[in-house]
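Going from the sequence shown to our numbering is simple: count from 1 and add 89. Written out below as structure tokens is the structure these notes cover.
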Amino acid sequence: MARFQNYVLLIISTLLVHVIVTNAAWEDGSATFYGDMTGAETMPLFNNGQICGACFQIMCVNNPQWCIPNAGTIRITATNFCPPNYDPHFYPWCNPPRKHFDLSMPMFSKIAITKAGIIPVRFRRVHCVKRGGIRFELKGNPYWITATMLNVGGAGDVTAVRIKGSKSDWVQMSRNWGQLWQTAANLVGQSLSFQLTTSDGKTVQLDKVAPGNWQFGQTYEGKGNF
Numbered sequence: 090m091a092r093f094q095n096y097v098l099l100i101i102s103t104l105l106v107h108v109i110v111t112n113a114a115w116e117d118g119s120a121t122f123y124g125d126m127t128g129a130e131t132m133p134l135f136n137n138g139q140i141c142g143a144c145f146q147i148m149c150v151n152n153p154q155w156c157i158p159n160a161g162t163i164r165i166t167a168t169n170f171c172p173p174n175y176d177p178h179f180y181p182w183c184n185p186p187r188k189h190f191d192l193s194m195p196m197f198s199k200i201a202i203t204k205a206g207i208i209p210v211r212f213r214r215v216h217c218v219k220r221g222g223i224r225f226e227l228k229g230n231p232y233w234i235t236a237t238m239l240n241v242g243g244a245g246d247v248t249a250v251r252i253k254g255s256k257s258d259w260v261q262m263s264r265n266w267g268q269l270w271q272t273a274a275n276l277v278g279q280s281l282s283f284q285l286t287t288s289d290g291k292t293v294q295l296d297k298v299a300p301g302n303w304q305f306g307q308t309y310e311g312k313g314n315f
């Protein structure tokens, strides 16, 4: 995940939902679509990237011309930042204090007609429902290992990570940014286990996620999730 300064980048899930799954309060915002069939999306600053991994529910509102009737809501997962643009010649929708989403075209078209451009929306945080185990993308070098947490269920946003090699004790990892965590421990040649804690205080331990011959640049899936 790249480092920027002010806005969380979001990835749309393919799930179209109609049932409210949390008691979080709805908030007002706006949305448009970005790119083509593989576009990304943004929303306002959320705690310097610490909200990355959290899930949100969005619906098109107050615009009968462009909102698709009975479209329900879409779910998204926060994964990155997008910087604001203070140039007066460009649109200011991503600038604070606005709460704006840039959605992929396929997901935008689930709730509104694409000719609309920018639409008013309501959104709120919801429980993350994921299939399969938590995945760990490992990068770096023998003296600096990074792990990006993917497909995290439950609260979604990870607040603490510990890593353990098969020949070492548990080591506390530090946050680099968002869901990217790092350690200077040399764990090459050891199978890797992880302990993750999310913002709701829940912890999961995943043993032997990566085998002893794990490689940098590879992604490994644990046998469990929140």
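Even for Gly, the Cβ is constructed at its ideal location relative to N, Cα and C. Just so it is clear, the structure is predicted and the values come from calculations on it, not from any experiment.
Contact set for residue i: own chain, Cβ-Cβ below 8 Å, skip 5 residues either direction
{"i": "Cys-149", "result": "Ala-120, Trp-155, Cys-156, Ile-157, Ala-160, Ile-200, Ala-201, Ile-208, Pro-209, Val-210"}
{"i": "Asn-230", "result": "Phe-305"}
{"i": "Lys-291", "result": "Gly-243, Ala-244, Phe-315"}
{"i": "Glu-116", "result": "Lys-188, Arg-211, Phe-212, Arg-213"}
Alpha carbon of residue i to alpha carbon of residue j, nearest angstrom
{"i": "Val-338", "j": "Asn-152", "result": "No statement about residue 338 is possible, as the shown extent of the chain runs from 90 to 315 and does not include it."}
{"i": "Leu-295", "j": "Lys-253", "result": "10 Å"}
{"i": "Thr-166", "j": "Phe-179", "result": "26 Å"}
{"i": "Gly-222", "j": "Gly-138", "result": "23 Å"}
{"i": "Ala-205", "j": "Arg-164", "result": "20 Å"}
{"i": "Asn-240", "j": "Tyr-309", "result": "11 Å"}
{"i": "Pro-181", "j": "Ile-140", "result": "22 Å"}
{"i": "Arg-251", "j": "Asp-176", "result": "42 Å"}
{"i": "Arg-220", "j": "Ala-244", "result": "14 Å"}
{"i": "Gln-279", "j": "Gln-261", "result": "17 Å"}
{"i": "Ser-282", "j": "Asn-302", "result": "14 Å"}
{"i": "Ser-198", "j": "Ala-299", "result": "39 Å"}
{"i": "Asp-191", "j": "Trp-259", "result": "39 Å"}
{"i": "Met-196", "j": "Glu-226", "result": "26 Å"}
{"i": "Arg-187", "j": "Ser-257", "result": "47 Å"}
Reference residue i; option with closest CA among the options
{"i": "Ala-114", "options": "Pro-231, Phe-122, Arg-213", "result": "Arg-213"}
{"i": "Asp-246", "options": "His-189, Phe-179, Asn-314, Gly-229", "result": "Asn-314"}
{"i": "Leu-285", "options": "Gly-206, Ile-165, Ser-263", "result": "Ser-263"}
{"i": "Trp-266", "options": "Ser-282, Ala-249, Lys-312, Leu-281", "result": "Ala-249"}
{"i": "Ser-288", "options": "Gly-118, Tyr-123, Asp-117, Gly-142", "result": "Gly-142"}
{"i": "Met-194", "options": "Ile-163, Cys-217, Lys-291, Phe-122", "result": "Phe-122"}
{"i": "Val-293", "options": "Gly-311, Ala-299, Gln-279, Gly-301", "result": "Gly-311"}
{"i": "Tyr-232", "options": "Glu-116, Asn-275, Asp-191", "result": "Asn-275"}
{"i": "Ser-255", "options": "Arg-224, Glu-116, Asp-191, Lys-297", "result": "Lys-297"}
Neighbourhood of residue i by C-beta, 7 Å cutoff - its chain only, sequence neighbours within 5 removed
{"i": "Lys-228", "result": "Thr-235, Phe-305, Gly-306"}
{"i": "Val-218", "result": "Gly-242"}
Same chain, Cβ closer than 6 Å to residue i, neighbours up to 5 away in sequence not counted
{"i": "Thr-203", "result": "none"}
{"i": "Thr-127", "result": "Confidence is the limiting factor: at Thr-127 the pLDDT is only 39, short of 50, which leaves the residue's position unreliable and the question unanswerable from this model."}
{"i": "Arg-224", "result": "Leu-239, Asn-240, Thr-308, Glu-310"}
{"i": "Arg-92", "result": "Caution is warranted here: a pLDDT of 36 is assigned to Arg-92, below 50, making its placement in the model unreliable, and the coordinate value is therefore given only provisionally. Once the five neighbours on either side are set aside, the close Cβ partners of Arg-92 are Trp-266."}
Touching by the beta-carbon criterion (3+ pairs, under 8 Å), the segment 222-236 and the segment 268-277: Verdict: yes, contact present.
Can you check the segment 164-251 for any beta strand (DSSP E) of at least 3 residues that lies completely inside it and give the ranges in chain order? 189-193, 208-215, 224-230, 233-239
Which parts of the segment 266-310 are runs of the beta strand (DSSP E), unbroken and 3 residues or longer, counting only runs that do not cross its ends? 269-272, 281-287, 292-299, 308-310
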